[in-house]
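For reference, the structure discussed in these notes is given below.
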């Protein structure tokens, strides 16, 4: 195995010399035909013989204590196999590798907390029976309304260490211009189209869980811990996942409950959450309150910047939304304060949902920059240029690569930004007020460990394997491209195996680190393969040229298949974080531009077009990277205009936990969206030089829409979503 | 979902005697059954009955079979040409996939989208009489501002019925005893009052077989729907309008509203404020005043009052310009 920490910014030789020309190309998804023909097997499909169906019973109150579970009526229903409410391993919520929920507790942390699992011969019977289980509880007053709750300063479990450099208060006192505004964002559901589902079976003492999950290795450990098993007795499969959006990074309580049920019944068990249950059994993104303060001179040069946030969490979970994550390395200013505070509530857990921190943090900072530019009479891009730092303004580390200014230039040119009319509310198109806006995108680049196996079989067929997942993102394809590029093969001929804990471990899909880390591991494995091929060619690896299934060294050319006919080659590569992550400040960057039309009669907002230009290091696949970035931009439209998970403060229940009333953008809301790249391979990021992509697209996207609404109407929306009622009062008379 | 019996009668006569809840497209009922908001013991599947024709009548009107899908009705050339308000309303509803399944009769009976009606843990007099109304004092952004009661502030969510209300459609039914009824749409729906669970005048077992559209009205027609996103969202406010202007005066006006009440809303006073008047701000404001006479917001839906006013005025201006 070739193991390499990312200490030097050096590209693996095989990748540096590769000539196949497929990496980066817009190669169509290699698993696409399986998906469009319905033959890709998702978590809930193709149950083993004798499968039973589970449904989860939740608490009827949001706070207090469970006193009794009466399942007599449920048990009496024909087809019901069992109702389990007494297992000490019964989890109070979802879990991930960092935090386990309480187990076997009678304490109620939130409404809908799992209390029991019903198992029946069919899904319909299980769900009908679940509704018959009577849960008695001693209700206590719930903290559902955050208005007057005490604020927990910088909780220990916070992901972000607070930033407090320089003397912020003094710098604000001395600044010529002080900007101080508060922004709010509501709760967001992950809203993956595929519901959280698992098919679970035991074979002897080995538990297999096929699950809609983003990170199978962590899931295996979590399941083992929750059930009190050894991790090597648990196998987790997630070959295909219908969207994650953060909601499938951990292990849902339904997985543990169904595993307990399968153990007791000695039968395979399937479970899928009904859409409304996902609101209670899956985490959501916390609502936030964000105060942004900026002190600058009259020319806009920032001396002080503060981004202070308050998010929510319940008493049984530790995650704290890292709101100012994207602000930390973004703009200059010697005095800096970034904080993540918390209020404790009796609501379902909050957790990582598409770009935790940046997605909603950039809404506040990027709207603040737009407002500040307006107050200073500066073009919003000019203000940003003036505050483009030469190095990370918080850590003082050099940037590994940062092409943000190029993103502004390229985006402004392609979008036609110079034609902007700065006076808001002055561009009319029939009944519509038209405006444009822009915002910066930034997503930190994480380096994580990943391992992959590359195998060349007799006949020359290549297989790359790891436990990374493809949650609709393109992992299958980029791994085929990476291996194809280095070994001189067409990607379609490379077999990719993913989503199985029996395969080499990776960090899975989360935090936008999957593509860079998994392809780096594969590239390192290929180094080993190349060394062996060189030995068989009696040449040095540097002499090899691999193209279209042929291996050349000097004047000799041999079919790859001939070199492995008698002895297959199996190699492993492992990429681990190294010195570069400590020496450099790493992030992906971008610039969003949006044109919106606001109906002058009704306040309805329709986005007319968007342009995004992104710096993501190496683009591994132009089509799948575009797909992810455009998807993120659509989520930006979505949270700017529609998404809000509303809690009824009287009950602690969600008001709109379904796709009918939780408004994500639909096709008709999505205009023409362009995505372009400013590509610079970042060799400090990882071996393939690919930085974060997945979560970059949403970062700043909503702010660009909101800033365009201001340009169209003169209304500053500081509380998203910008539904029509928030604009109505400011519209001209009819 | 609760276990249920299923019957598939071969004729209307059999259907009305089958005794159960009718199902055709199922685009609303199946969702509600999965949530156990509706728990019928017996489903009577009428989807294969011969009620899917659109026929011209001698009086110039159309008779629409109850099983004509929303997509087909919207795309019918006679509807597009002569009942533009209806075609537009149909296309403003739901999504393409849903419109392919949803039927004319079923869409008239679409149930409210009140959040608390859908949440079986919530008090809802419509779902469970006597259990209270959590929408009052709760989150009621999509709720009614006209014709409400202290028992229920839900809206009828439909678009098609609003256009049919403006067109004075007649709902043709057959009862268990074989009797046929012709119910003007004005008499079909009920306000919530003390019985919000009773939404229309249909008797148990009574089946909608057809909808009659009277001869096409004079004047210009439109349907304007205001909603939270460009598709697949229910009306916050919608207006179905048919206006004729002659010699500089409004000769006739038919105005029905969605998103404002427990039924497609039509108030003769709104039209009276317009007929005989010259089109212009004064008449439009008077019509809006008449519409909102007695209107009442419940907090998060307060915005519907100014919104309804603005949409009505803009619609009238568009149609009379």
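Chains as they are written, first to last, in this note's numbering: chain A, 1 to 734; chain B, 1001 to 1321.
The C-beta atom is built at its ideal place from N, Cα and C for all residues, glycine as well.
Fair warning: this is a prediction, and the values are worked out from it, not measured in the lab.
- If you compare the alpha carbons of 431(A), 466(A), 128(A), 731(A) with that of residue 1036(B), the shortest gap goes to 128(A).
- Exclusion of the five residues before and after residue 5(A) leaves 576, 578 as the residues of its chain whose Cβ lies within less than 6 Å of its Cβ.
- Per DSSP, residue 696(A) is not a residue of any beta strand (DSSP E), being assigned neither H nor E.
- Among the residues of the segment 1279–1312 of chain B, those with a Cβ less than 7 Å away from any Cβ of chain A are 1303, 1306, 1307, 1310, 1311, in the order of the chain.
- Between the alpha carbons of residue 322(A) and residue 116(A) lies a distance of about 33 Å.
- Between the segment 1252–1269 of chain B and the segment 1144–1162 of chain B, the count of Cβ pairs shorter than 8 Å is three or higher; the stretches touch.
- Taking residue 197(A) as the centre and dropping the five residues before and after it, the same chain places the C-beta of 43, 44, 212, 272 closer than 6 Å to its C-beta, in chain order.
- In the three-state reduction of the DSSP assignment, residue 1260(B) falls in the coil class.
- Taking a Cβ-Cβ cut-off of 7 Å, the neighbours of residue 1139(B) in chain A comprise 646, 648, 655, given in sequence order.
- Residues of chain B with a Cβ closer than 9 Å to the Cβ of residue 60(A) are, in chain order, 1121.
- Cβ neighbours of residue 15(A) within its own chain (closer than 6 Å, five residues either side excluded): 486, 523.
- Interface flag for residue 723(A) against chain B is set, since a Cβ pair is found closer than 8 Å.
- Annotation for residue 1097(B): no beta strand (DSSP E) segment contains it, though the alpha helix (DSSP H) segment containing it runs 1096–1101.
- In terms of CA proximity to residue 581(A), 7(A) leads the group 7(A), 3(A), 525(A), 540(A).
- Apart from sequence neighbours up to five positions away, the residues of its chain that approach residue 1089(B) with a beta-carbon distance below 7 Å are 1159, 1160, 1162, 1163, 1223, 1240, ordered along the chain.
- The beta-carbon distance between residue 354(A) and residue 698(A), rounded to whole angstroms, is 6 Å. This is short enough to meet the 8 Å contact definition.
- Around residue 1120(B), the same chain offers 1035, 1036, 1037 as residues with beta carbons nearer than 7 Å, after the five sequence neighbours per side are excluded.
- Rounded to the nearest whole angstrom, the CA to CA distance from residue 558(A) to residue 392(A) is 50 Å.
- Scanning its chain for C-beta atoms nearer than 6 Å, with the 5 sequence neighbours on each side dropped, one finds around residue 571(A) the residues 454, 525, 528, 529, in chain order.
- A direct Cα-Cα distance of roughly 5 Å separates residue 1045(B) from residue 1023(B).
- For the segment 1222–1252 of chain B, the set of residues with a beta-carbon nearer than 7 Å to any beta-carbon of chain A comprises 1226, 1228, 1229, 1230, 1231, 1232, 1233, in chain order.
- Each residue's CA atom was taken as its position, placing residue 1136(B) and residue 436(A) some 39 Å apart.
- Distance from the CA atom of residue 1197(B) to the CA atom of residue 149(A), rounded to whole angstroms, is 39 Å.
- Under a 10 Å Cβ-count criterion, residue 733(A) is classified as exposed, with fewer than 16 other Cβ atoms of the shown protein chains found around its own Cβ.
- Where residue 1223(B) is concerned, the enclosing beta strand (DSSP E) starts and stops at 1220–1226.
- Among the residues of chain B, those whose CB is under 8 Å from the CB of residue 606(A) are 1230, following chain order.
- Taking 9 Å as the cut-off between beta carbons, the residues of the segment 1124–1135 of chain B near chain A are 1134, in sequence order.
- Taking all protein chains shown into account, residue 584(A) has 16 or more neighbouring C-beta atoms within 10 Å of its C-beta and is therefore buried.
- DSSP, reduced to helix, strand and coil, places residue 1105(B) within a helical segment of the structure shown.
- Relative to the Cα of residue 675(A), the nearest Cα in the group 654(A), 297(A), 624(A) belongs to 624(A).
- Per DSSP, the beta-bridge partners of residue 553(A) are 544(A), 556(A).
- Taking 8 Å as the CB threshold, residue 710(A) stays off the interface with chain B.
- Taking 8 Å as the threshold, the shortest C-beta distance from residue 663(A) to chain B falls below it.
- Listed in chain order, the non-local C-beta contacts of residue 492(A) below 7 Å within the same chain comprise 30, local neighbours out to five positions each way being set aside.
- Counting only unbroken stretches of 4 or more residues, the alpha helix (DSSP H) elements lying wholly within the segment 592–673 of chain A are 622–641, in sequence order.
- What residue 1001(B) touches in chain A, judged by beta-carbon distance under 7 Å, is 124, 127, 128, going in chain order.
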